[in-house]
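Report on one structure; see the data block that follows.
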Amino acid sequence: MDYSIEDRKRIKSLKTNNGFCLSLRHLLYFPFVFLSQYVVSAAVYVNLSDGSPIFGSFVQAATGKYISQFLGVPFAEPPIGKLRFRRPIPKRPWREQWNATTFRDSCVQSPDTYFGDFYGATMWNSNTPCSEDCLYLNIYVPGEIDREKRLPVLFWIYGGGFWSGTASLDVYDGKIFAGEENVIIVTVNYRVTVFGFLYLGREEAPGNMGLWDQLLALKWVYKNIQAFGGDPSLITLFGESAGGASVSMHMLSPLSQPYFTRSILQSGAATAPWAVENKQVALHRAVILYEYMKCGNGNMSHLAPDQWNMDEVLRCLHAASADKLRDSEWSPVMEFADFPWVPVIDGEFLVENIETSLKRGNFKKTQLLAGSNFDEARKLKRNFS
(Lines of atoms letter the chains of each structure in order from A; the text may use other names.)
(Lines give C-alpha, C1' and ligand atoms only; values in the text may rest on other atoms or scores of the structure.)
Protein backbone atom coordinates (compact mmCIF):
# COMPACT_ATOMS: atom_id res chain seq x y z
CA MET A 1 0.00 0.00 0.00
CA ASP A 2 1.37 3.42 -1.02
CA TYR A 3 -0.93 5.52 1.14
CA SER A 4 -3.04 5.19 4.28
CA ILE A 5 -4.54 7.26 7.12
CA GLU A 6 -4.50 6.18 10.73
CA ASP A 7 -6.99 7.82 13.11
CA ARG A 8 -5.55 9.58 16.13
CA LYS A 9 -7.01 11.54 18.98
CA ARG A 10 -7.71 15.10 17.87
CA ILE A 11 -5.18 17.41 19.45
CA LYS A 12 -5.59 21.15 19.31
CA SER A 13 -2.36 22.91 18.49
CA LEU A 14 -1.16 25.55 20.92
CA LYS A 15 0.53 27.37 18.08
CA THR A 16 -1.08 30.77 17.54
CA ASN A 17 -0.30 33.86 15.55
CA ASN A 18 -0.42 37.45 16.76
CA GLY A 19 -1.27 38.81 13.35
CA PHE A 20 0.98 40.15 10.63
CA CYS A 21 2.34 43.52 9.60
CA LEU A 22 1.11 44.87 6.27
CA SER A 23 4.45 46.56 5.62
CA LEU A 24 6.00 47.04 2.20
CA ARG A 25 8.32 44.14 2.87
CA HIS A 26 5.33 41.97 3.77
CA LEU A 27 3.62 42.85 0.48
CA LEU A 28 6.82 42.12 -1.42
CA TYR A 29 7.52 38.80 0.24
CA PHE A 30 4.13 37.45 1.24
CA PRO A 31 3.54 34.69 -1.34
CA PHE A 32 0.48 33.05 0.17
CA VAL A 33 -1.77 33.16 3.20
CA PHE A 34 -0.49 31.11 6.10
CA LEU A 35 -2.16 29.04 8.79
CA SER A 36 -2.20 30.24 12.38
CA GLN A 37 -4.16 27.49 14.10
CA TYR A 38 -4.96 23.93 13.15
CA VAL A 39 -6.08 20.55 14.46
CA VAL A 40 -4.07 17.35 14.17
CA SER A 41 -6.41 14.41 13.64
CA ALA A 42 -4.57 11.58 11.90
CA ALA A 43 -1.28 10.19 10.68
CA VAL A 44 -0.85 9.89 6.91
CA TYR A 45 1.43 7.17 5.54
CA VAL A 46 3.08 7.24 2.11
CA ASN A 47 5.73 5.08 0.44
CA LEU A 48 8.14 6.93 -1.85
CA SER A 49 9.12 5.65 -5.27
CA ASP A 50 12.16 3.85 -3.83
CA GLY A 51 10.04 2.21 -1.13
CA SER A 52 11.10 4.54 1.68
CA PRO A 53 8.17 4.95 4.13
CA ILE A 54 7.17 8.28 5.66
CA PHE A 55 4.27 9.52 7.73
CA GLY A 56 2.86 13.01 8.03
CA SER A 57 -0.23 14.61 9.56
CA PHE A 58 -3.82 15.13 8.45
CA VAL A 59 -4.50 18.67 9.68
CA GLN A 60 -7.27 21.24 9.50
CA ALA A 61 -6.51 24.69 8.14
CA ALA A 62 -8.04 27.89 9.52
CA THR A 63 -10.54 27.80 6.65
CA GLY A 64 -11.85 24.46 7.92
CA LYS A 65 -10.43 22.39 5.07
CA TYR A 66 -8.18 19.42 5.75
CA ILE A 67 -4.64 19.02 4.46
CA SER A 68 -2.22 16.10 4.30
CA GLN A 69 1.01 17.66 5.51
CA PHE A 70 4.55 16.27 5.38
CA LEU A 71 7.29 18.32 7.03
CA GLY A 72 11.04 17.77 7.02
CA VAL A 73 11.29 15.13 4.30
CA PRO A 74 14.96 14.52 3.36
CA PHE A 75 15.95 14.74 -0.30
CA ALA A 76 19.75 14.68 0.15
CA GLU A 77 22.38 13.27 2.42
CA PRO A 78 23.40 15.84 5.06
CA PRO A 79 26.11 18.08 3.52
CA ILE A 80 28.39 17.77 6.53
CA GLY A 81 32.02 16.79 7.06
CA LYS A 82 33.68 16.05 3.72
CA LEU A 83 30.43 16.93 1.93
CA ARG A 84 30.58 20.58 3.06
CA PHE A 85 30.79 22.84 -0.03
CA ARG A 86 30.14 19.90 -2.38
CA ARG A 87 27.15 19.29 -4.60
CA PRO A 88 24.36 17.42 -2.81
CA ILE A 89 24.09 13.65 -2.89
CA PRO A 90 20.61 12.05 -3.18
CA LYS A 91 19.25 10.62 0.04
CA ARG A 92 19.72 6.88 0.27
CA PRO A 93 16.54 4.79 0.76
CA TRP A 94 15.52 3.89 4.30
CA ARG A 95 13.30 1.18 5.73
CA GLU A 96 12.10 2.59 9.05
CA GLN A 97 9.15 5.00 9.09
CA TRP A 98 10.37 8.59 8.66
CA ASN A 99 8.57 11.02 10.96
CA ALA A 100 7.50 13.92 8.73
CA THR A 101 5.38 15.79 11.28
CA THR A 102 7.83 18.54 12.29
CA PHE A 103 10.10 20.99 10.51
CA ARG A 104 13.82 20.23 10.40
CA ASP A 105 16.69 22.65 10.83
CA SER A 106 17.21 25.70 8.66
CA CYS A 107 20.48 26.05 6.77
CA VAL A 108 23.26 27.97 8.54
CA GLN A 109 22.73 31.74 8.24
CA SER A 110 22.92 34.93 10.23
CA PRO A 111 19.81 36.87 11.30
CA ASP A 112 18.87 40.07 9.51
CA THR A 113 19.10 42.91 12.05
CA TYR A 114 19.10 45.75 9.51
CA PHE A 115 15.52 46.87 10.17
CA GLY A 116 15.59 46.45 13.93
CA ASP A 117 13.76 44.26 16.39
CA PHE A 118 10.13 44.39 15.31
CA TYR A 119 7.94 41.62 13.96
CA GLY A 120 7.76 42.97 10.41
CA ALA A 121 11.52 42.37 10.19
CA THR A 122 12.20 39.46 12.52
CA MET A 123 9.47 37.33 10.91
CA TRP A 124 11.94 36.73 8.07
CA ASN A 125 14.65 35.27 10.30
CA SER A 126 14.90 31.50 10.65
CA ASN A 127 12.33 30.07 13.05
CA THR A 128 14.05 26.72 13.57
CA PRO A 129 17.59 25.92 14.75
CA CYS A 130 20.27 26.34 12.07
CA SER A 131 22.70 23.60 11.10
CA GLU A 132 24.50 22.23 8.08
CA ASP A 133 22.12 19.25 8.13
CA CYS A 134 19.29 21.18 6.50
CA LEU A 135 18.34 19.69 3.13
CA TYR A 136 14.68 18.89 3.68
CA LEU A 137 11.41 19.76 1.98
CA ASN A 138 7.77 20.18 3.02
CA ILE A 139 4.65 19.03 1.17
CA TYR A 140 1.07 20.29 1.57
CA VAL A 141 -1.65 18.23 -0.15
CA PRO A 142 -5.34 19.26 -0.22
CA GLY A 143 -7.57 16.71 1.52
CA GLU A 144 -6.76 13.03 1.58
CA ILE A 145 -4.15 11.73 -0.82
CA ASP A 146 -5.56 10.32 -4.05
CA ARG A 147 -2.99 9.21 -6.60
CA GLU A 148 -5.60 9.47 -9.35
CA LYS A 149 -6.14 13.22 -8.85
CA ARG A 150 -2.85 14.24 -10.50
CA LEU A 151 -2.98 17.71 -9.00
CA PRO A 152 -0.85 20.64 -10.18
CA VAL A 153 2.27 21.23 -8.09
CA LEU A 154 3.79 24.56 -7.02
CA PHE A 155 7.46 24.39 -6.00
CA TRP A 156 8.47 27.33 -3.79
CA ILE A 157 12.02 28.73 -3.62
CA TYR A 158 12.54 31.32 -0.88
CA GLY A 159 14.43 34.58 -1.20
CA GLY A 160 16.96 36.21 1.09
CA GLY A 161 19.83 37.48 -1.06
CA PHE A 162 21.31 33.96 -1.23
CA TRP A 163 22.54 34.52 2.34
CA SER A 164 19.37 33.82 4.33
CA GLY A 165 15.94 32.20 4.16
CA THR A 166 14.20 28.99 5.18
CA ALA A 167 11.19 26.99 4.02
CA SER A 168 9.71 26.77 7.52
CA LEU A 169 8.74 30.45 7.91
CA ASP A 170 5.12 31.10 8.84
CA VAL A 171 4.60 33.13 5.66
CA TYR A 172 5.55 30.07 3.59
CA ASP A 173 3.06 27.75 5.29
CA GLY A 174 1.17 26.19 2.38
CA LYS A 175 -1.93 24.82 4.08
CA ILE A 176 -4.46 27.50 3.12
CA PHE A 177 -3.02 27.92 -0.38
CA ALA A 178 -3.19 24.16 -1.01
CA GLY A 179 -6.70 23.82 0.40
CA GLU A 180 -8.27 26.81 -1.32
CA GLU A 181 -6.63 26.38 -4.73
CA ASN A 182 -6.63 22.56 -4.85
CA VAL A 183 -2.92 22.36 -5.63
CA ILE A 184 0.06 20.71 -3.96
CA ILE A 185 2.56 23.12 -2.42
CA VAL A 186 6.20 22.09 -1.94
CA THR A 187 8.67 24.29 -0.06
CA VAL A 188 12.37 23.40 0.04
CA ASN A 189 15.51 24.32 1.95
CA TYR A 190 18.73 25.03 0.10
CA ARG A 191 22.16 26.04 1.36
CA VAL A 192 22.80 29.78 1.52
CA THR A 193 25.75 32.12 2.11
CA VAL A 194 29.27 30.61 1.94
CA PHE A 195 27.93 27.08 2.48
CA GLY A 196 25.81 27.32 -0.65
CA PHE A 197 27.84 29.56 -2.94
CA LEU A 198 31.56 29.37 -2.15
CA TYR A 199 33.43 29.02 -5.44
CA LEU A 200 36.95 27.59 -5.62
CA GLY A 201 36.77 26.16 -9.13
CA ARG A 202 37.16 22.56 -8.04
CA GLU A 203 35.05 19.54 -7.16
CA GLU A 204 35.39 20.20 -3.42
CA ALA A 205 33.84 23.67 -3.81
CA PRO A 206 32.41 24.04 -7.33
CA GLY A 207 30.07 26.94 -6.59
CA ASN A 208 26.30 27.07 -7.01
CA MET A 209 25.76 24.36 -4.39
CA GLY A 210 22.52 26.05 -3.37
CA LEU A 211 21.24 25.85 -6.95
CA TRP A 212 22.23 22.18 -7.11
CA ASP A 213 20.30 21.66 -3.86
CA GLN A 214 17.23 23.17 -5.50
CA LEU A 215 17.70 21.00 -8.58
CA LEU A 216 18.03 17.82 -6.53
CA ALA A 217 14.85 18.73 -4.62
CA LEU A 218 13.08 19.40 -7.92
CA LYS A 219 14.16 16.01 -9.26
CA TRP A 220 12.93 14.42 -6.03
CA VAL A 221 9.51 16.04 -6.49
CA TYR A 222 9.37 15.03 -10.15
CA LYS A 223 10.12 11.43 -9.16
CA ASN A 224 7.92 11.16 -6.05
CA ILE A 225 5.02 13.58 -6.31
CA GLN A 226 2.67 11.01 -7.85
CA ALA A 227 2.74 9.17 -4.52
CA PHE A 228 1.11 12.30 -3.04
CA GLY A 229 -1.46 12.70 -5.81
CA GLY A 230 0.53 15.22 -7.84
CA ASP A 231 1.20 15.45 -11.56
CA PRO A 232 4.92 15.60 -12.43
CA SER A 233 4.03 17.13 -15.79
CA LEU A 234 2.41 20.11 -14.04
CA ILE A 235 5.16 21.47 -11.80
CA THR A 236 5.37 25.26 -11.56
CA LEU A 237 8.45 26.88 -10.04
CA PHE A 238 7.83 30.08 -8.11
CA GLY A 239 10.08 32.20 -5.96
CA GLU A 240 10.69 35.71 -4.69
CA SER A 241 13.81 37.91 -4.73
CA ALA A 242 16.75 35.47 -4.72
CA GLY A 243 14.10 32.77 -5.15
CA GLY A 244 12.84 34.51 -8.28
CA ALA A 245 16.41 34.79 -9.54
CA SER A 246 16.84 31.08 -8.84
CA VAL A 247 13.69 30.23 -10.80
CA SER A 248 14.99 32.15 -13.81
CA MET A 249 18.33 30.34 -13.53
CA HIS A 250 16.48 27.02 -13.68
CA MET A 251 14.84 28.30 -16.85
CA LEU A 252 18.31 28.98 -18.25
CA SER A 253 19.88 25.70 -17.11
CA PRO A 254 19.54 22.71 -19.46
CA LEU A 255 19.89 20.51 -16.37
CA SER A 256 16.66 21.78 -14.80
CA GLN A 257 14.45 22.27 -17.82
CA PRO A 258 13.04 18.70 -18.08
CA TYR A 259 11.68 18.74 -14.52
CA PHE A 260 9.21 21.64 -14.51
CA THR A 261 6.53 23.14 -16.70
CA ARG A 262 5.94 26.81 -15.83
CA SER A 263 7.62 29.60 -13.90
CA ILE A 264 6.66 32.53 -11.68
CA LEU A 265 9.21 35.24 -10.81
CA GLN A 266 8.35 37.54 -7.91
CA SER A 267 10.61 40.59 -7.53
CA GLY A 268 13.76 38.86 -8.71
CA ALA A 269 15.52 37.57 -11.82
CA ALA A 270 18.92 36.32 -12.93
CA THR A 271 19.53 39.67 -14.63
CA ALA A 272 19.50 41.56 -11.31
CA PRO A 273 22.90 43.18 -10.60
CA TRP A 274 23.23 41.27 -7.29
CA ALA A 275 22.23 37.84 -8.62
CA VAL A 276 25.39 36.55 -10.36
CA GLU A 277 29.12 37.12 -9.95
CA ASN A 278 32.04 36.24 -12.19
CA LYS A 279 34.49 33.50 -11.25
CA GLN A 280 37.47 35.76 -10.59
CA VAL A 281 35.55 37.93 -8.15
CA ALA A 282 34.21 34.80 -6.43
CA LEU A 283 37.74 33.40 -6.05
CA HIS A 284 39.02 36.71 -4.68
CA ARG A 285 36.24 36.76 -2.10
CA ALA A 286 37.20 33.26 -0.98
CA VAL A 287 40.79 34.45 -0.47
CA ILE A 288 39.63 37.48 1.53
CA LEU A 289 37.48 35.22 3.71
CA TYR A 290 40.50 32.99 4.27
CA GLU A 291 42.58 35.96 5.40
CA TYR A 292 39.81 37.38 7.58
CA MET A 293 39.65 34.08 9.44
CA LYS A 294 43.42 34.36 10.07
CA CYS A 295 44.26 31.01 8.57
CA GLY A 296 47.46 32.15 6.87
CA ASN A 297 49.91 35.02 6.83
CA GLY A 298 47.33 37.52 5.58
CA ASN A 299 49.07 38.44 2.32
CA MET A 300 47.52 36.08 -0.23
CA SER A 301 44.97 38.58 -1.60
CA HIS A 302 47.83 40.91 -2.57
CA LEU A 303 49.40 38.27 -4.80
CA ALA A 304 48.61 37.67 -8.45
CA PRO A 305 45.66 35.27 -8.87
CA ASP A 306 47.89 32.54 -10.30
CA GLN A 307 49.80 32.56 -7.00
CA TRP A 308 46.77 32.01 -4.79
CA ASN A 309 47.06 28.76 -2.86
CA MET A 310 43.50 27.51 -3.16
CA ASP A 311 44.41 24.18 -1.54
CA GLU A 312 45.26 26.09 1.62
CA VAL A 313 42.07 28.15 1.36
CA LEU A 314 40.01 24.96 1.10
CA ARG A 315 41.77 23.38 4.09
CA CYS A 316 41.11 26.48 6.18
CA LEU A 317 37.42 26.72 5.32
CA HIS A 318 36.86 23.00 5.78
CA ALA A 319 38.46 23.05 9.22
CA ALA A 320 36.51 26.09 10.43
CA SER A 321 33.38 25.75 12.52
CA ALA A 322 30.05 26.59 10.93
CA ASP A 323 29.62 29.46 13.39
CA LYS A 324 32.96 31.00 12.48
CA LEU A 325 32.21 30.79 8.77
CA ARG A 326 28.79 32.35 9.33
CA ASP A 327 30.22 35.17 11.43
CA SER A 328 32.83 35.92 8.75
CA GLU A 329 30.54 35.74 5.73
CA TRP A 330 30.37 39.50 5.06
CA SER A 331 34.13 40.10 5.17
CA PRO A 332 34.60 40.15 1.37
CA VAL A 333 32.14 42.98 0.61
CA MET A 334 31.80 46.57 1.75
CA GLU A 335 29.08 47.92 -0.55
CA PHE A 336 25.41 48.03 0.40
CA ALA A 337 23.23 45.37 -1.29
CA ASP A 338 26.30 43.60 -2.68
CA PHE A 339 25.73 40.08 -1.45
CA PRO A 340 29.01 38.22 -0.89
CA TRP A 341 28.06 34.67 -1.90
CA VAL A 342 25.93 34.30 -5.02
CA PRO A 343 25.77 32.06 -8.10
CA VAL A 344 28.56 32.05 -10.69
CA ILE A 345 28.66 31.14 -14.36
CA ASP A 346 30.21 27.73 -13.76
CA GLY A 347 29.87 26.34 -17.29
CA GLU A 348 27.70 23.47 -16.13
CA PHE A 349 24.61 24.61 -14.25
CA LEU A 350 24.85 28.04 -15.87
CA VAL A 351 26.62 27.33 -19.12
CA GLU A 352 27.11 30.90 -20.33
CA ASN A 353 26.62 34.54 -19.41
CA ILE A 354 22.99 35.32 -18.54
CA GLU A 355 22.61 38.01 -21.20
CA THR A 356 24.17 35.70 -23.80
CA SER A 357 21.67 32.95 -23.01
CA LEU A 358 18.79 35.39 -23.35
CA LYS A 359 20.04 36.82 -26.65
CA ARG A 360 20.57 33.34 -28.11
CA GLY A 361 17.25 32.04 -26.86
CA ASN A 362 18.94 29.41 -24.72
CA PHE A 363 16.22 29.07 -22.11
CA LYS A 364 13.10 27.02 -21.49
CA LYS A 365 10.25 28.17 -23.74
CA THR A 366 7.23 28.06 -21.48
CA GLN A 367 4.57 30.12 -19.74
CA LEU A 368 6.09 32.76 -17.47
CA LEU A 369 4.49 35.08 -14.93
CA ALA A 370 6.76 37.89 -13.71
CA GLY A 371 5.89 40.60 -11.23
CA SER A 372 7.28 43.49 -9.23
CA ASN A 373 5.80 46.05 -6.87
CA PHE A 374 5.44 49.81 -7.09
CA ASP A 375 8.14 51.63 -5.09
CA GLU A 376 9.79 48.30 -4.41
CA ALA A 377 13.13 49.89 -3.51
CA ARG A 378 11.69 52.61 -1.30
CA LYS A 379 12.67 50.80 1.89
CA LEU A 380 16.31 51.20 0.82
CA LYS A 381 16.03 54.98 0.42
CA ARG A 382 17.68 55.76 3.74
CA ASN A 383 20.96 54.34 2.42
CA PHE A 384 21.18 57.06 -0.23
CA SER A 385 19.83 60.12 1.58
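Each step along the sequence shown adds one to the number in the UniProt record's numbering, with nothing skipped, and position 353 is 353.
Even for Gly, the Cβ is constructed at its ideal location relative to N, Cα and C.
The beta strand (DSSP E) enclosing residue i, as first and last residue numbers
i	result
Trp124	From DSSP, Trp124 is part of no beta strand (DSSP E); its letter is neither H nor E.
Phe155	151-157
Asn138	136-142
Leu200	199-202
Thr187	184-188
Residues of its chain near residue i, where Cβ-Cβ distance is below 6 Å and the 5 sequence neighbours each way are ignored
i	result
Ser110	Arg326
Ala370	Leu265
Lys175	Leu35, Ala61, Ile67, Tyr140
Ser372	Ser267
Lys65	Gly179
Gly196	Met209, Gly210
Ala282	Tyr199, Val344
Whole-angstrom C-beta distance between residue j and residue i, which should lie under 8 Å
i	j	result
Gly51	Phe70	Not quite, the Cβ-Cβ distance comes to about 16 Å (not below 8 Å), so this is no contact.
Ser68	Ile145	5 Å
Phe349	Ser253	5 Å
Ala322	Leu48	That pair is no contact at about 29 Å.
Val313	Leu200	7 Å
Thr193	Glu355	Not really, about 26 Å apart at Cβ, beyond 8 Å.
Leu137	Val188	4 Å
Residue(s) in a DSSP beta bridge with residue i
i	result
Gln266	Glu240, Gly371
Leu57	The residue asked about is misnamed: residue 57 is Ser in this sequence, not Leu. Bridge partners of Ser57: Ala43, Gln69.
Pro90	Ala76
Trp98	Ile54
Cys107	Ser131
Pro206	Tyr199
Gly230	Leu151
Ile235	Val153
Val344	Glu277
Contact set for residue i: own chain, Cβ-Cβ below 7 Å, skip 5 residues either direction
i	result
Lys364	Met251, Gln257
Glu277	Val342, Val344
Glu148	none
Leu358	none
Asn224	Leu48, Ser49
Leu216	Phe75, Ala76, Pro88, Pro90
Met300	Val287, Tyr290, Glu291, Trp308, Asn309
Cut-off 8 Å between Cβ atoms - residues of its own chain near residue i, not counting five sequence neighbours on either side
i	result
Thr102	Leu71, Gly72
Thr236	Pro152, Val153, Leu154, Phe155, Phe260, Thr261, Arg262, Ser263, Ile264
Glu203	Arg86
Cys316	Tyr290, Met293, Cys295, Gly296
Boundaries of the alpha helix (DSSP H) in which residue i is found, first to last residue
i	result
residue 386	In this structure the chain extends from 1 to 385, so residue 386 is not present and cannot be described.
Ile288	279-292
Ile225	Unbroken run through Ile225: none, as it is neither H nor E.
Lys82	It is not in any alpha helix (DSSP H) - Lys82 carries neither H nor E in the DSSP assignment.
Asp327	322-327
Ala304	Counting along the chain, Ala304 falls outside any alpha helix (DSSP H), and DSSP gives it neither H nor E.
Ile354	354-360
Leu48	Run containing Leu48: none; DSSP gives neither H nor E here.
Original post:
Would you call the segment 70-84 and the segment 128-146 in contact, with 3 or more CB pairs under 8 Å?
Top reply: yes
Original post:
Would you call the segment 241-250 and the segment 265-284 touching, i.e. three or more CB-CB distances under 8 Å?
Top reply: yes
Subject >> the segment 163-172 in contact with the segment 203-220 per 3-pair CB rule at 8 Å >> reply: The way I'd put it, the segment 163-172 doesn't touch the segment 203-220; fewer than three beta-carbon pairs between them come closer than 8 Å.
Subject >> Three CB pairs or more closer than 8 Å across the segment 136-154 and the segment 172-184 >> reply: yes
Subject >> the segment 213-222 in contact with the segment 300-318 per 3-pair CB rule at 8 Å >> reply: no
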